[in-house]
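Asker:
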Amino acid sequence: MSALTPVLQVLDLVGVFAFATSGALVAVRRDFDLVGMLVLAGVTALGGGIVRDLVIGAVPPAAFTEPGYVVVPAVAVLLTFVAHRLVERLGRAVLVLDAVGLGLFSVAGALKALAHGLGPVQAVVLGVVTAIGGGILRDVVAGEPPAVLRRDSELYAVPAALAATLAVIGDRLQLDEGWNAAVALAVGFVVRLLAVRFHWRAPRARRVRHGQGRDRA
Amino acid sequence: MSALTPVLQVLDLVGVFAFATSGALVAVRRDFDLVGMLVLAGVTALGGGIVRDLVIGAVPPAAFTEPGYVVVPAVAVLLTFVAHRLVERLGRAVLVLDAVGLGLFSVAGALKALAHGLGPVQAVVLGVVTAIGGGILRDVVAGEPPAVLRRDSELYAVPAALAATLAVIGDRLQLDEGWNAAVALAVGFVVRLLAVRFHWRAPRARRVRHGQGRDRA
Amino acid sequence: MSALTPVLQVLDLVGVFAFATSGALVAVRRDFDLVGMLVLAGVTALGGGIVRDLVIGAVPPAAFTEPGYVVVPAVAVLLTFVAHRLVERLGRAVLVLDAVGLGLFSVAGALKALAHGLGPVQAVVLGVVTAIGGGILRDVVAGEPPAVLRRDSELYAVPAALAATLAVIGDRLQLDEGWNAAVALAVGFVVRLLAVRFHWRAPRARRVRHGQGRDRA
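Chains as they are written, first to last, in the numbering used here: chain A, 1 to 217; chain B, 218 to 434; chain C, 435 to 651.
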């Protein structure tokens with residue numbers, strides 16, 4: 001956490017806002033009520049970080065000690081509640097804010113894991129968990145196949161892994177904490193937006209469907 | 218825990234019984250076997266409390282130290298196994314017991330969170346998590362949209378939040394522990410039953426469905 | 435963990451490999467991409483153990499400290515990625531390796547819980563959670579009803595409970611640690627394979643479907 005300069009702390013709350021908004025929008029789409037919006041927004045924005053903190057033994061998790069982590073999702077839900085059609089139309093802006101959150105969560109998650117004594121590979125894994133865990137939980141609770149795992153989704157975990165890896169390498173090279181985090185975050189952010197723009201996707205196993213015959217001939 | 222007088226401890230096990238029964242009934246409805254009944258009953262009755270205890274760092278969670286938390290769900294499953302049609306017909310009685318559990322879990326969860334040093338808002342959140350977490354996990358494992366989040370369900374999280382809030386306020390005012398918990402529980406219980414009786418529901422975002430034209434004109 | 439002789443450690447990684455492979459295959463079947471394969475493989479192989487370690491307070495969980503728990507699932511995913519049709523054809527072999535994992539995870543889980551001071555019944559429960567938790571999480575994330583809970587699945591949790599119970603009894607009788615674990619594991623393994631061979635299933639509540647009339651007459 002000491003690596004987070006005030007600028008990074010603001011970006012962190014920007015990410016929380018974007019993640020919470022995406023949770024609230026899914027709740028509206030699934031015909032959930034205001035309680036459902038609050039639960040999905042909280043799970044999306046805070047779920048990945050809570051899992052990370054439980055794993056590294058940082059209890060209570062930051063989600064339950066920093067007031068911003070309660071206030072910002074509540075604001076996101078209220079905004080979405082009163083103006084969700086407007087929020088949906090701002091989809092592109094939310095996508096950009098979400099990419100900020102993706103970059104920051106993966107970097108902050110990896111650095112916090114290192115600070116708690118985890119190895120570099122495990123720190124990268126936890127950085128990715130921080131960044132994508134909330135979205136997976138959101139989709140599981142909403143009863144949808146997790147977007148981040150599907151083959152028709154643009155790269156999401158890959159820029160997160162990239163940002164987390166850069167942050168871990170920079171930490172090992174003892175680069176300046178703030179700059180190291182900022183650069184790693186920026187790379188994750190840019191790669192994510194490029195992936196959306198150019199429809200970059202992760203590879204998938206080539207699959208011969210049952211009943212197509214070719215496989216069975 | 219010290220706030221729980223013997224009466225409250227009995228009510229706690231009543232709540233565990235009701236929650237476990239609801240899990241076992243969902244398992245029967247989904248064509249799960251006896252193992253599925255045990256898993257769903259355990260998840261429903263104990264899931265919320267386990268999450269709370271992990272978050273506040275009370276490990277092992279009470280679910281793994283108090284024998285009653287193993288015995289009571291097992292009894293609920295056996296009863297449901299041999300006589301689930303009878304149990305389903307007692308739906309109204311289970312609903313009342315469930316409301317006892319709702320009130321007690323939210324109050325006990327909030328007070329336990331306070332005792333572990335969490336702030337008042339976070340304590341209310343954890344009280345609600347204790348009360349509704351198990352039911353959400355039950356529905357997610359069973360592959361159903363969580364009842365508590367849907368717009369066609371009567372208020373459930375709201376009476377839980379109300380009871381937890383009263384308990385936290387009473388704790389701050391240093392009221393007698395037992396009476397404070399009993400009154401907060403009773404309010405949650407009554408509001409829940411009123412919500413069921415009069416079909417009170419949480420508000421939801423007004424939604425214009427895609428393709429209705431009005432929104433796009 | 436001290437109960438695990440080198441042989442048992444190898445069997446542990448065999449189990450991790452089998453569980454990870456089953457997760458990767460489900461990911462292919464659900465049209466997930468490489469990220470989805472990694473997530474499902476990791477969740478299946480490590481999810482049960484992570485939950486166990488969080489509950490007993492062994493943080494960071496072994497999944498984040500032992501390099502083999504990162505390397506083996508990654509290898510399983512790569513193999514499945516390049517040759518998943520071959521892997522699917524080896525279904526019977528994977529089933530046998532999975533039964534090794536089932537026996538070992540339940541025994542190791544129960545013994546680790548005992549070593550952390552849990553009671554014998556709770557240790558058996560945690561052994562079963564270690565063995566079946568990952569598969570349940572796999573199916574929940576993939577959006578399928580958990581195989582282990584369905585009535586059309588062969589016994590899976592029952593041999594796990596049997597192996598865990600034997601391990602706990604042996605521990606209480608102060609039998610030799612290595613032999614005690616090996617025998618309990620072997621019993622779980624054999625009972626699981628017999629259950630598959632002879633289609634042994636857990637009982638389920640007899641259910642009269644709504645609308646069949648018989649129940650209502």
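For every residue, glycine included, the Cβ atom is placed at its ideal position computed from N, Cα and C.
#1: Using DSSP with H/G/I as helix, E/B as strand and the rest coil, what is Arg626 of chain C?
#2: For the region 256-267 of chain B, which residues have a CB atom closer than 9 Å to at least one CB atom of chain C, in sequence order?
#3: Distance check for Ile273 of chain B and Ala58 of chain A, CA to CA, integer angstroms please.
#4: Under 8 Å, with one C-beta from each stretch per pair, do the region 28-42 of chain A and the region 113-120 of chain A reach the 3-pair mark?
#5: Starting from the Cα of Val7 of chain A, find the closest Cα among A:Ala182, A:Ala195, A:Val187 and A:Leu86 and give me that residue.
#6: On the three-state DSSP scale, how would you describe Arg389 of chain B?
#7: Closer than 6 Å by C-beta to Pro495 of chain C: which residues in its own chain qualify, once you throw out the five before and the five after it? Chain order, please.
#8: Count the CB pairs spanning the region 535-543 of chain C and the region 609-625 of chain C that are closer than 8 Å, and state whether there are at least three.
#9: How long is the line joining the alpha carbons of Ala123 of chain A and Val168 of chain A, rounded to whole angstroms?
#10: If the cut is a Cβ gap below 7 Å, which residues of chain A does Val317 of chain B touch?
#11: For Val227 of chain B and Leu447 of chain C, what's the separation of their Cα atoms in angstroms?
#12: Using DSSP with H/G/I as helix, E/B as strand and the rest coil, what is Gly15 of chain A?
#13: Pull up the DSSP beta-bridge partners for Phe249 of chain B, would you.
#14: Mind checking the region 449-463 of chain C against chain A and listing, in chain order, the residues whose C-beta falls within less than 9 Å of any C-beta there?
#15: DSSP three-state call for Arg302 of chain B: helix, strand or coil?
#16: For Gly535 of chain C, count neighbouring C-beta atoms within 10 Å of its own C-beta (all shown protein chains included) and say buried if the count is 16 or more, exposed if not.
#17: Taking only beta-carbon positions, decide if Leu468 of chain C is within less than 7 Å of chain A.
#18: Of all Cβ atoms in chain B, is any one closer than 7 Å to the Cβ of Pro60 of chain A?
#19: What is the DSSP secondary structure of Arg486 of chain C, counted as helix, strand or coil?
#20: Listed from N- to C-terminal order along the chain, which residues in the region 586-615 of chain C have their beta-carbon within a distance smaller than 8 Å of any beta-carbon of chain A?
#21: Please classify Ala83 of chain A: is it buried, with 16 or more other beta-carbons within 10 angstroms of its beta-carbon, or exposed?
#22: Any Cβ of chain A within less than 7 Å of the Cβ of Gly577 of chain C?
#23: Taking Leu303 of chain B as the reference, give the member of B:Arg414, B:Leu379, B:Leu242 and B:Phe281 with the closest Cα.
#24: Using the C-alpha atoms, what's the distance from Ala475 of chain C back to Arg197 of chain A?
#25: Are the CB atoms of Thr238 of chain B and Thr282 of chain B nearer to each other than 7 Å?
#26: Hey, could you find the ends of the alpha helix (DSSP H) Leu531 of chain C is sitting in?
#27: Would you kindly work out how many angstroms separate the C-alpha atoms of Ile566 of chain C and Gly482 of chain C, rounded to a whole number?
#28: Which residue comes first and which comes last in the alpha helix (DSSP H) that contains Leu126 of chain A?
#29: Run down chain C in chain order and give the residues with a C-beta less than 8 Å from the C-beta of Val55 of chain A.
#30: Per the DSSP calculation, Arg204 of chain A is bridged to which residue(s)?
#31: Have a look at Gly351 of chain B and Val358 of chain B and give me their C-alpha separation to the nearest angstrom.
#32: Find the nearest neighbour of Asp171 of chain A within the set A:Leu118, A:Ala147 and A:Val191, judged by alpha-carbon distance.
#33: When the Cα of Leu285 of chain B is compared with those of B:Asp356, B:Leu263 and B:Pro420, which residue comes out closest?
#34: Taking 7 Å as the CB-CB limit, is Leu366 of chain B close to chain A?
#35: Can you find a CB in chain D that lies within less than 7 Å of the CB of His199 of chain A?
#36: With a Cβ-Cβ cutoff of 7 Å, do Leu472 of chain C and Val528 of chain C count as a contact?
Answerer: So, to answer that:
#1: helix
#2: Val256, Leu257, Gly259 and Ile267
#3: 10 Å
#4: no
#5: A:Ala182
#6: helix
#7: Hits under 6 Å: Ile484 and Asp487.
#8: yes
#9: 7 Å
#10: In chain order: nothing, as chain A lies at least about 20 Å away.
#11: Counting only the Cα atoms, Leu447 of chain C lies some 45 Å from Val227 of chain B.
#12: Looking at Gly15 of chain A - three-state DSSP - the assignment turns out to be helix.
#13: Beta-bridge pairing by DSSP links Phe249 of chain B to C:Arg584.
#14: Ala458, Ala461, Val462 and Arg463
#15: helix
#16: buried
#17: Cβ-Cβ to chain A under 7 Å: yes for Leu468 of chain C.
#18: yes
#19: Reduced to three states, the DSSP call for Arg486 of chain C is helix.
#20: none
#21: Result: exposed.
#22: Chain A contact via Cβ: present.
#23: Comparing Cα positions, the closest option is B:Leu242.
#24: Their backbone Cα atoms lie some 29 Å apart in a straight line.
#25: Cβ distance not < 7 Å, so Thr238 of chain B and Thr282 of chain B don't count as in contact.
#26: It spans Gly525 to Ala549 - the alpha helix (DSSP H) in which Leu531 of chain C sits, taken as one unbroken run.
#27: Rounded to the nearest angstrom, the two C-alpha atoms are 7 Å apart.
#28: Pro120 to Ala142
#29: Proximity of chain C to Val55 of chain A at the Cβ level (cut-off 8 Å) is accounted for by Ile484, Leu488, Val493, Pro494, Pro495 and Phe498, in chain order.
#30: DSSP lists no partner for Arg204 of chain A.
#31: Between Gly351 of chain B and Val358 of chain B, the alpha-carbon positions lie close to 11 Å from each other.
#32: Closest option to Asp171 of chain A, Cα to Cα, is A:Leu118.
#33: The amino acid at residue 285 of chain B is misidentified as Leu; the sequence shows Gly. Nearest of B:Asp356, B:Leu263 and B:Pro420 to Gly285 of chain B, Cα basis: B:Leu263.
#34: yes
#35: The structure shown contains no chain D; the protein chains it does contain are A, B and C.
#36: no
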